[in-house]
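Notes for the one structure printed next.
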Amino acid sequence: MVRMAGRIESRGRGERSEIRDAGSDVRELREVRDAEEVQVETGEDEHAVERIERSDAQEPVERRVVDAIQELDAEEGRESDTRKRIAGALRELEEIEGGSVRDRVERAVAEVKEEVEKPDIPPEKDFEDAREVVERAKEVEEANVEAKEEESRVSESSPREAFEDSSEQRAEGEKRKGLERVPDEQVRETFSELESKEGEPRSWASEEIAEGLKRLAPEDAEVSRVYCADIREGLGLTPEEVESFTNEFQQAKEALEAEGEVRCGMVDEKVYIWRPDLDPTQLENAYGNLYYYFRDEEAFEKYIWDIACPLGIEGDDEKQNIEHLQKLASQMLTEPTSEYCVNPRLNRIRGDHVHFFNNLSGKTLSELEGEISKITKKGGRGGIRNPRFPEGEELEIALARLTAVAVSDCHLKANGTLEYAEGEISRIRIVERDLQVFGDIRMNPKLKERENFYEVFLPSPFGIVLLHLGIPSGDRTVQNPGLYPELREFSVKAQCGFIENLIPQDGTISRKNVQWTHSNALHAGDKTEIYGIEPKVGRKEINLIIEEGKREKHSWVLNYGKLEELRQSDSDNLRHIADSLWNIVYENPNRLVEDEIRIVRKLGVNYNAKPYTIRYHERSGRVSVAWTAEPESVLESIKLAMIAPSNDVIKRQIMRDLIANHPKYMRRALRQFEKNGIEVYQWWTS
10 MVRMAGRIES RGRGERSEIR DAGSDVRELR EVRDAEEVQV ETGEDEHAVE RIERSDAQEP
70 VERRVVDAIQ ELDAEEGRES DTRKRIAGAL RELEEIEGGS VRDRVERAVA EVKEEVEKPD
130 IPPEKDFEDA REVVERAKEV EEANVEAKEE ESRVSESSPR EAFEDSSEQR AEGEKRKGLE
190 RVPDEQVRET FSELESKEGE PRSWASEEIA EGLKRLAPED AEVSRVYCAD IREGLGLTPE
250 EVESFTNEFQ QAKEALEAEG EVRCGMVDEK VYIWRPDLDP TQLENAYGNL YYYFRDEEAF
310 EKYIWDIACP LGIEGDDEKQ NIEHLQKLAS QMLTEPTSEY CVNPRLNRIR GDHVHFFNNL
370 SGKTLSELEG EISKITKKGG RGGIRNPRFP EGEELEIALA RLTAVAVSDC HLKANGTLEY
430 AEGEISRIRI VERDLQVFGD IRMNPKLKER ENFYEVFLPS PFGIVLLHLG IPSGDRTVQN
490 PGLYPELREF SVKAQCGFIE NLIPQDGTIS RKNVQWTHSN ALHAGDKTEI YGIEPKVGRK
550 EINLIIEEGK REKHSWVLNY GKLEELRQSD SDNLRHIADS LWNIVYENPN RLVEDEIRIV
610 RKLGVNYNAK PYTIRYHERS GRVSVAWTAE PESVLESIKL AMIAPSNDVI KRQIMRDLIA
670 NHPKYMRRAL RQFEKNGIEV YQWWTS
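Okay, here's the thing in structure tokens:
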């Protein structure tokens, strides 16, 4: 479309050139006439008077052409600037808007094009025809200006108009309500017990204010999460009473924040009460310390206006709006804040501010898709490009799959670095595919030839999310963590997704069995001081492992079956040490295996935890025990394979064969799942 407008403008320039040529002829005629007038005065040319008379007859036409040229000069100056704005606006419109406005612009330009695509004006035409060219050139510009103004009403509308448009769209299917203003009458009723004696200024107790604030903000999040009460107007306070209230309010604020459910702030004698959703699995919380980068200045500015308008602080000065929002946010948020948390120069906002601002305006993260270019740590490098914000069950499934990869295949550092090690490139591509639900993720695996596996670093926001959920950084074998409790309450599909991503790395599948193993330390060895964990085993137990275990590379391994035999030894000393080691193992179960078994049991699949081997690592001095999740029968292995197939190519095919080789168990398992109300997709038949 821009090229079309350019061609039209080029044709207009050709016609203007003809007008200028005609103007040059006029100037030449004037010069000749002036010379002839001199000749008449001096008597040098007897025919000069006759030519001057003919020239005088042409003068009205000349004046009109000169006037037209002067007008054209002024119009061209304006047109040059207009043309630049039109070209930029049309390009922006091409990207942002659909066809409706663009079609109107094209029609307007087409009409102009049809008008100007006429035969060129012969040079012998008189100056009246030249004036017609001027008029047509003006029509070209007028049409372009009209098209620009039409486009401008959409692409250059004020933030306030954009806010009103978006508000109307949200009203059709609004799921979350923004700031709720408390009526003055309700404020008076809430604090009615705090009335003072007649003639005395009212005084306030922080405990009473705290209780009143909680009543102003009901716990029903379906109504709103943020409430605003005008204390001065609602209670009819004098300046002295406002000061008294403000002083006690600070103590009430601290008391409420200590309880953890309510956060408060006060700006311009208005009290704001926020009941945030503290669910750690919600992305608003998980991304709290990360930074949202808006795609451009316009998206950033519009977002600020969307927040400012419900507060009633909207104005022409974006800086003042940001300062007001930062002043309020600094009182509401638990992490230290600064002016850089909302940064218009970088078009970015810190995550906890986005959480609060969204609750103020009624926005959800999903409404920001397309407006955010990336989410990163403070440094701004890497991160998740073009982030997406899944919700509900989709988010649960995504987090469950990510967690399974992390606890089985990854090393997590305290700064959020998440190092993923995997032997099969096909498995890496499957994980990369699953992570697309969070945004545009591209993995760059590097082969470690000596270790024979691929190393790849996941975007740091994933590591930050896992830390937020409670997955610890560092050596998990030493720390022996379990799963975060929210995962055990996820949907059936999400819990199945967790097991599907767990099996590829830690699972073992045989002709009749599906099981998986995790290890935890009984002695941290050379990391004892780092983690401050007291050893569970002593020198006697370690010597037993060395003397009775099997020698392997840099370690000794005692099978648990062998330990059971030692408990029946004729030697009292040997039997005593074996009993001690046995008890220590069972007193320190693997928490990860225990939580995973709880998950599969909720799915109707019966597994138990059993110690498998005890290993002493010669170099590090570590003693670890491997715990295995074992099925109670072949039927339970079949059930697990049916409901949670391994999310990799090789083990998935082994599971397919396992199910195919046991059709009787397969049919029995289907009946049990149906009885328990669990829907099973028969993937093994496709």
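Each residue of the sequence shown is one higher than the one before, counting from 10 in this note's numbering. Glycine included, each C-beta is placed from N, C-alpha and C at the ideal position. In this text the structure is predicted, and so the values were computed from the model without any measurement.
Under 8 Å between C-beta atoms of residue i and residue j
{"i": "residue 222", "j": "residue 369", "result": "no"}
{"i": "residue 281", "j": "residue 337", "result": "yes"}
{"i": "residue 342", "j": "residue 361", "result": "yes"}
{"i": "residue 334", "j": "residue 308", "result": "no"}
{"i": "residue 468", "j": "residue 392", "result": "yes"}
{"i": "residue 678", "j": "residue 651", "result": "yes"}
{"i": "residue 234", "j": "residue 199", "result": "no"}
{"i": "residue 242", "j": "residue 213", "result": "no"}
{"i": "residue 635", "j": "residue 616", "result": "no"}
{"i": "residue 331", "j": "residue 345", "result": "no"}
{"i": "residue 481", "j": "residue 490", "result": "yes"}
{"i": "residue 487", "j": "residue 533", "result": "yes"}
{"i": "residue 569", "j": "residue 620", "result": "yes"}
{"i": "residue 511", "j": "residue 633", "result": "no"}
{"i": "residue 357", "j": "residue 303", "result": "yes"}
{"i": "residue 564", "j": "residue 520", "result": "no"}
Residue environment, residue i, which counts as buried when at least 16 other CB atoms sit within 10 Å
{"i": "residue 6", "result": "A question about residue 6 goes unanswered here, because the residues of the chain that appear run from 10 up to 695."}
{"i": "residue 529", "result": "buried"}
{"i": "residue 272", "result": "buried"}
{"i": "residue 170", "result": "Because the pLDDT of residue 170 is 41, which lies under 50, any placement of that residue in the model is unreliable, and the question is left without a value."}
{"i": "residue 628", "result": "exposed"}
{"i": "residue 267", "result": "exposed"}
{"i": "residue 287", "result": "exposed"}
{"i": "residue 608", "result": "buried"}
{"i": "residue 425", "result": "buried"}
{"i": "residue 364", "result": "buried"}
Continuous beta strand (DSSP E) stretch holding residue i: start and end
{"i": "residue 524", "result": "523-532"}
{"i": "residue 215", "result": "Unbroken run through residue 215 is the alpha helix (DSSP H), 215-225; no beta strand (DSSP E)."}
{"i": "residue 692", "result": "Run containing residue 692: none; DSSP gives neither H nor E here."}
{"i": "residue 630", "result": "No beta strand (DSSP E) contains residue 630, which DSSP labels as neither H nor E."}
{"i": "residue 423", "result": "That residue, residue 423, is in no beta strand (DSSP E); it is neither H nor E in DSSP."}
{"i": "residue 567", "result": "564-568"}
{"i": "residue 240", "result": "Here residue 240 belongs to no beta strand (DSSP E); instead the alpha helix (DSSP H) covers 240-244."}
{"i": "residue 560", "result": "559-561"}
{"i": "residue 358", "result": "357-359"}
{"i": "residue 374", "result": "Taken as a continuous stretch (DSSP letters only), residue 374 belongs to no beta strand (DSSP E), as it is neither H nor E."}
As assigned by DSSP and simplified to three states, the class of residue i
{"i": "residue 682", "result": "helix"}
{"i": "residue 161", "result": "Because residue 161 sits at a pLDDT of 43, beneath the cut-off of 50, its placement in the model cannot be relied upon, and the point is left open."}
{"i": "residue 472", "result": "helix"}
{"i": "residue 387", "result": "coil"}
{"i": "residue 275", "result": "strand"}
{"i": "residue 305", "result": "coil"}
{"i": "residue 497", "result": "helix"}
{"i": "residue 637", "result": "strand"}
{"i": "residue 516", "result": "strand"}
{"i": "residue 270", "result": "coil"}
{"i": "residue 466", "result": "strand"}
{"i": "residue 3", "result": "Outside the shown range of the chain (10 to 695) lies residue 3, about which nothing can therefore be said."}
{"i": "residue 666", "result": "helix"}
{"i": "residue 576", "result": "coil"}
{"i": "residue 621", "result": "strand"}
{"i": "residue 228", "result": "coil"}
{"i": "residue 262", "result": "helix"}
{"i": "residue 186", "result": "coil"}
{"i": "residue 658", "result": "helix"}
{"i": "residue 484", "result": "coil"}
Range covered by the alpha helix (DSSP H) that runs through residue i
{"i": "residue 588", "result": "581-596"}
{"i": "residue 416", "result": "401-418"}
{"i": "residue 431", "result": "Residue 431 -> not in any alpha helix (DSSP H); beta strand (DSSP E) instead, spanning 427-431."}
{"i": "residue 744", "result": "Outside the displayed span of the chain (10 to 695) sits residue 744, for which this structure offers no information."}
{"i": "residue 648", "result": "643-652"}
{"i": "residue 601", "result": "600-611"}
Residue i at chain D interface by Cβ criterion, 8 Å
{"i": "residue 677", "result": "Absent from the structure: chain D. Only one protein chain is present."}
Take every Cβ of the stretch 499-508, pair it with every Cβ of the stretch 409-427, and state whether three or more of those distances are shorter than 8 Å. yes
Hey, is the stretch 534-547 in contact with the stretch 657-674, meaning 3+ C-beta pairs nearer than 8 Å? no
Mind the definition here: the stretch 445-463 touches the stretch 670-689 only if three or more C-beta pairs lie below 8 Å; say whether that holds. no
Cβ contact (3+ pairs, closer than 8 Å) linking the stretch 641-656 and the stretch 544-558: no
Is the stretch 419-439 touching the stretch 447-461 in the sense that three or more CB pairs, one from each, lie closer than 8 Å? yes
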